[in-house]
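**Q** For what it's worth, the working numbering labels the leading residue of the sequence shown as 347, then goes sequentially. Structure incoming, see below.
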Amino acid sequence: MTQYNQPKSLIIGAGAIGIALGYHLQLAGAQVSFLVRQQGVMDLQKDQVLYCHDDNSLKVFKGYIIKTLPEVDVQAYDYVFFALTGAALKSEDGQRLVKLIGTAIGGPGNKTKILIGSFFIGIRDWFLEVSGLPQDRVAACNPAIHVYSTKAFQMPSVYAEPAKANLIEQADWAYADRFSTGAAFHVMDDCPGIAQSFSNLYNNCRVSKCIIRSPVEDAAFGNLAPIAFAATELLGWPKFRDIDPSNDIWVLATEAAKEVLGLHLHGEYGRLAATNLNPATFLEGMKEYERTFGTFDIIAFSQYHHGGKVQAQDQQHLQDCIVRGKEEVRCTYLLSHSCHFALLPLILVVSNSSVTFFYYFVDLTTGGFIRVYTCMLLTFIGWHRALKAQPDVAPESLLPYLSPFRPYGSYFAFVLGCIILLFIGWGTFSPLDVEGWITYYFAAAFDPLMFMVGNLVKKRRWAKPSQADLITGKATVDEECQVWEDLGAPENERMRLKQMEWLRRF
Numbered sequence: 347m348t349q350y351n352q353p354k355s356l357i358i359g360a361g362a363i364g365i366a367l368g369y370h371l372q373l374a375g376a377q378v379s380f381l382v383r384q385q386g387v388m389d390l391q392k393d394q395v396l397y398c399h400d401d402n403s404l405k406v407f408k409g410y411i412i413k414t415l416p417e418v419d420v421q422a423y424d425y426v427f428f429a430l431t432g433a434a435l436k437s438e439d440g441q442r443l444v445k446l447i448g449t450a451i452g453g454p455g456n457k458t459k460i461l462i463g464s465f466f467i468g469i470r471d472w473f474l475e476v477s478g479l480p481q482d483r484v485a486a487c488n489p490a491i492h493v494y495s496t497k498a499f500q501m502p503s504v505y506a507e508p509a510k511a512n513l514i515e516q517a518d519w520a521y522a523d524r525f526s527t528g529a530a531f532h533v534m535d536d537c538p539g540i541a542q543s544f545s546n547l548y549n550n551c552r553v554s555k556c557i558i559r560s561p562v563e564d565a566a567f568g569n570l571a572p573i574a575f576a577a578t579e580l581l582g583w584p585k586f587r588d589i590d591p592s593n594d595i596w597v598l599a600t601e602a603a604k605e606v607l608g609l610h611l612h613g614e615y616g617r618l619a620a621t622n623l624n625p626a627t628f629l630e631g632m633k634e635y636e637r638t639f640g641t642f643d644i645i646a647f648s649q650y651h652h653g654g655k656v657q658a659q660d661q662q663h664l665q666d667c668i669v670r671g672k673e674e675v676r677c678t679y680l681l682s683h684s685c686h687f688a689l690l691p692l693i694l695v696v697s698n699s700s701v702t703f704f705y706y707f708v709d710l711t712t713g714g715f716i717r718v719y720t721c722m723l724l725t726f727i728g729w730h731r732a733l734k735a736q737p738d739v740a741p742e743s744l745l746p747y748l749s750p751f752r753p754y755g756s757y758f759a760f761v762l763g764c765i766i767l768l769f770i771g772w773g774t775f776s777p778l779d780v781e782g783w784i785t786y787y788f789a790a791a792f793d794p795l796m797f798m799v800g801n802l803v804k805k806r807r808w809a810k811p812s813q814a815d816l817i818t819g820k821a822t823v824d825e826e827c828q829v830w831e832d833l834g835a836p837e838n839e840r841m842r843l844k845q846m847e848w849l850r851r852f
C-alpha cells in the first residue's frame with residue numbers, strides 16, 4: 347500500500363453513521379472517501395450539512411471523495427469502515443462485498459485495516475469467516491453517536507423552538523454526541539493494534555471521542571437495547587422516567603435482559619451483571635441514558651430508529667439470541683410479541699423463563715413428593731387400623747418390624763403433611779397468582795381425581811377396618827420374600843434380571 351502522511355479512510359455506506367464518522371475523521375486530518383452505489387452518488391455531490399444537538403449549531407462537511415465499486419482501489423486505504431446496518435451487511439449483496447474486499451486486501455504485505463460498525467451478535471467472527479482475513483486485520487466497533495436524517499425524522503423538541511427549527515431545516519443530518527460512556531465511538535480491543543491506531547486518529551478531531559472497550563463488556567449492554575426499546579414500544583413509548591419499574595411489561599423485559607446476559611458470549615461479566623440486574627436497576631440505567639442526552643428526545647429518536655430504520659436488524663438480533671440460547675441447551679422460552687412495527691420478536695420470558703420454569707418444576711415436584719408421602723402414611727394408617735380390628739387374621743406380634751411410637755409417629759407425620767399441602771402456596775392468594783396457585787395446589791386436585799377414577803375403573807368401595815381384606819395377595823408376597831431369604835439378594839436379583847426382556851434390563 348502506498349504510504350501517505352495523511353491517513354486515508356474508506357467508509358462503506360453514506361448513511362447517518364457514515365456521514366457523522368466521515369465528518370469527524372476529516373476534522374482529525376484524514377482523507378475521507380465514501381463507497382456508494384451509483385444511485386447514491388448524486389446525494390453526495392452537494393456539501394453535507396449537519397445540525398449538532400450538543401451546541402445547536404450547523405456543521406458543513408465537504409471535500410470528501412465519492413467512489414463506486416468498479417473504480418475503488420481498496421488496497422490504497424489505511425482504514426475501511428463498514429457503516430452498514432447489520433441486515434444490509436448480512437444480505438447477499440453485503441456478503442459479496444465482504445468477500446470482494448477480503449480478496450482485494452488479503453494478499454501479503456497489505457496493511458489495510460477493517461473496522462465493522464454494523465450490529466449483530468458474533469459480527470467479528472462472522473466477518474472473519476466470510477472475508478477470509480486474519481484476525482489482526484479486523485476490529486469490531488460500536489458507533490454510539492446518535493444520528494438521523496432530518497428529511498426522514500423531525501425531532502419534536504427541536505421544532506418546538508423556532509430558532510432551533512430554523513437551523514435544523516437547513517441541515518441534511520442531525521446528531522448528538524452525549525453517550526453515557528462519554529464517547530461517540532467504541533472500538534473493541536479484540537484487535538489491539540487497530541483499536542489503538544484508529545482511536546488515536548479519531549481523537550485528533552478534538553470535538554468527539556473514541557474509546558477502546560472490551561467486546562464482552564460492550565456487548566453485555568449493547569445487546570439489551572432492542573429488548574428495552576421493544577418493551578418501551580409496548581408501553582406506548584413513554585419517557586423512561588415515567589415508567590413504573592413494577593410494571594408487568596418492564597418486569598418481563600428485565601427477565602428477558604437477564605436471559606440474554608446469561609448467554610455464553612457475555613462470559614462471567616454477563617453472568618454477574620444478570621445476577622445484579624432487577625427491574626429497578628435496569629430502568630435506572632435507561633433513565634441515566636435518557637438524562638445524559640438532555641434535550642435530545644431519546645424516546646422519539648428510538649421510536650424512529652428502532653421502530654423503523656433498523657427494524658430488520660433488531661429482529662435479526664433477537665432471533666440470534668433465541669438461536670444461541672438453543673445452541674447452549676439453555677431452558678430458555680422466548681416470547682414473540684406482536685408490535686406495531688411488524689411483529690418485532692420481543693424476548694420477554696414471561697412465566698416460563700429458564701429460572702421461573704425451574705422454580706415451577708421444583709414447586710411441582712416438592713408438592714408431589716409431599717403428596718406421595720402423605721398418601722403412603724394414609725395407606726399405612728388404614729392398614730394399621732385393619733390389623734387392630736382383625737387380630738385373629740394377622741396378629742401384630744407376627745410383624746417382622748415394629749417401629750417406636752407406632753402408630754403415633756405416622757399420625758403426626760400425616761397431619762403435618764396435610765398442613766404443608768394446605769399452606770404450601772398460601773402466598774399465591776394475595777395478590778392472586780393463578781400460575782403459582784396451579785403449580786402449588788396441583789397435587790390437591792390430582793389426588794381426588796385419581797381416587798375417583800380408581801374407584802370407577804376398579805369398582806372399589808369403602809370398607810370398615812374389620813371388613814378390610816388383609817389376605818388376598820399375601821401368599822404371593824410371602825413366596826417372593828422367601829425366595830430372597832433362601833437365595834440371598836444378589837442371586838435373587840440375577841434370577842429376576844434373567845427372566846426379564848432384554849430391553850427392560852436397561
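Backbone N, C-alpha and C fix where the C-beta goes; we use that ideal spot for every residue, glycine too. Just so you know, these numbers come straight off a predicted model, no measurement behind them.
Taking only heavy atoms of the ligand MN into account, decide whether any of them is closer than 7 Å to the Cβ of Ser379.
**A** As presented, the structure is devoid of all ligands, the ligand MN included, so that no description of it is given.
**Q** So does the region 487-496 actually touch the region 510-527, counting three or more Cβ pairs closer than 8 Å?
**A** In short, these stretches touch, since the Cβ pair count reaches three.
**Q** Cα-Cα, which of Ser379, Asp536 and Tyr615 is closest to Ile411?
**A** Of Ser379, Asp536 and Tyr615, the residue nearest in Cα terms is Ser379.
**Q** Would you identify the three-state DSSP class for Ser477, choosing helix, strand or coil?
**A** Of the three classes helix, strand and coil, the one that applies to Ser477 here is helix, per DSSP.
**Q** Around the Cβ of Gly728, are there at least 16 other Cβ atoms within 10 angstroms (buried) or fewer (exposed)?
**A** With fewer than 16 Cβ atoms within 10 Å of its Cβ, Gly728 is classed as exposed.
**Q** Quick check: Ala626 and Pro584, are their CB atoms within less than 8 Å of each other?
**A** Cβ distance not < 8 Å, so Ala626 and Pro584 don't count as in contact.
**Q** Gly361: which of His370, Leu390 and Gln352 sits nearest, CA to CA?
**A** Comparing Cα positions, the closest option is Leu390.
**Q** Which same chain residues, not among the five before or five after Leu404, have their C-beta less than 8 Å away from its C-beta?
**A** Excluding positions up to five away in sequence, the list reads Val395, Leu396, Tyr397, Cys398, Leu513, Gln516 and Ala517.
**Q** Look at the alpha carbon of Ala498 and the alpha carbon of Val504, and state the distance between them as a whole number of angstroms.
**A** In a straight line, the C-alpha of Ala498 is about 15 Å away from that of Val504.
**Q** With distances taken from CA atoms, which of Gly468, Glu630 and Ala577 is nearest Pro561?
**A** Selected option, being the one with the closest Cα: Gly468.
**Q** Closer than 7 Å by C-beta to Glu507: which residues in its own chain qualify, once you throw out the five before and the five after it? Chain order, please.
**A** Correct list: empty, nothing qualifies.
**Q** Write down every uninterrupted run of the beta strand (DSSP E) in the region 387-450 whose length is 3 residues or greater and which is fully enclosed by it, in chain order.
**A** The region 387-450 contains these whole beta strand (DSSP E) runs: 394-398, 403-407, 411-413 and 425-428.
**Q** Rounded to a whole number of angstroms, what is the C-alpha to C-alpha distance between Ala529 and Ile784?
**A** Going from the Cα of Ala529 to the Cα of Ile784 covers about 50 Å.
**Q** Note down the Cα distance separating Leu356 from Phe427, rounded to an integer number of angstroms.
**A** Answer to the nearest angstrom: the Cα atoms are 6 Å apart.
**Q** Going by the CB atoms, is the gap between Pro353 and Tyr425 shorter than 8 Å?
**A** Yes, Cβ-Cβ distance for Tyr425 and Pro353 is below 8 Å.
**Q** Report the option in Thr822, Glu825, Thr711 and Leu795 whose CA atom is closest to the CA atom of Ile770.
**A** The residue with the shortest Cα to Cα distance from Ile770 is Thr711.
**Q** If you check the beta carbons only, do Arg670 and Leu611 fall under 8 Å apart?
**A** It is a contact, given that the beta carbons lie within the stated cut-off.
**Q** Quick one: what does DSSP say Ala522 is sitting in, helix, strand or coil?
**A** The answer is strand: DSSP assigns Ala522 an E or B state.
**Q** Look at the Cβ atom of Val420, then the Cβ atom of Ile451, and state whether they are nearer than 8 Å.
**A** Going by C-beta atoms, Val420 is nearer than 8 Å to Ile451.
**Q** Return yes when the Cβ of Asn488 is within less than 8 Å of the Cβ of Gly368, no when it is not.
**A** In this structure, Asn488 does not lie closer than 8 Å to Gly368 by Cβ.
**Q** Please return the same chain residues whose Cβ sits closer than 8 Å to the Cβ of Ile363, not counting the five positions on each side in sequence.
**A** Hits under 8 Å: Ala429, Gly463, Pro489, Ile491 and Val493.
**Q** Hey, how far is the Cα of Val484 from the Cα of Glu601?
**A** So the alpha carbons of these two residues sit roughly 34 Å apart.
**Q** I'd like to check one pair, Thr431 with Gln661: are the Cβ atoms closer than 8 Å?
**A** Contact flag unset, no.
**Q** Roughly how many whole angstroms lie between the Cα atoms of Phe803 and Asp738?
**A** For clarity, residue 803 is Val in the given sequence; the question names Phe instead. Their Cα atoms are separated by approximately 32 Å.
**Q** For Arg559, does the three-state DSSP call read helix, strand or coil?
**A** Three-state DSSP puts Arg559 in a strand.
**Q** Taking DSSP as the reference, what is the three-state secondary structure of Tyr494?
**A** Reduced to three states, the DSSP call for Tyr494 is strand.
**Q** Cys721 by DSSP, collapsed to three states: which one?
**A** Correct three-state label for Cys721: helix.
**Q** Specify the secondary structure class of Cys514 as computed by DSSP and reduced to three states.
**A** Position check: residue 514 holds Ile in this sequence, whereas Cys was assumed. The answer is helix: DSSP assigns Ile514 an H, G or I state.
**Q** My parser needs the alpha helix (DSSP H) runs of 4 or more residues fully inside the region 556-644; what are they?
**A** For the region 556-644, whole alpha helix (DSSP H) runs of length 4 or above, ordered along the chain, are 561-568, 571-580, 594-607, 613-622 and 625-638.
**Q** Judging by CA-CA distance, which residue of Ala433, Gly386, Ala646 and Met796 is the nearest neighbour of Pro502?
**A** When only C-alpha atoms are compared, the closest one is Ala646.
**Q** Whose CA, out of Ala366, His370, Lys413 and Lys408, lies closest to the CA of Val387?
**A** Comparing Cα positions, the closest option is Lys413.
**Q** Beta-carbon within less than 6 Å of Gly613's beta-carbon, same chain only, minus the 5 sequence neighbours each way: which residues are those?
**A** If we look at Gly613 and ignore the five residues flanking it on each side, its Cβ neighbours are Val562.
**Q** Name the one or two DSSP bridge partners that His370 has.
**A** Bridge partners of His370: none, in fact.
**Q** If you drop the 5 nearest sequence neighbours on each side, which residues of the same chain put their C-beta closer than 8 Å to that of Ser437?
**A** Taken in chain order, the list of residues that qualify is empty.
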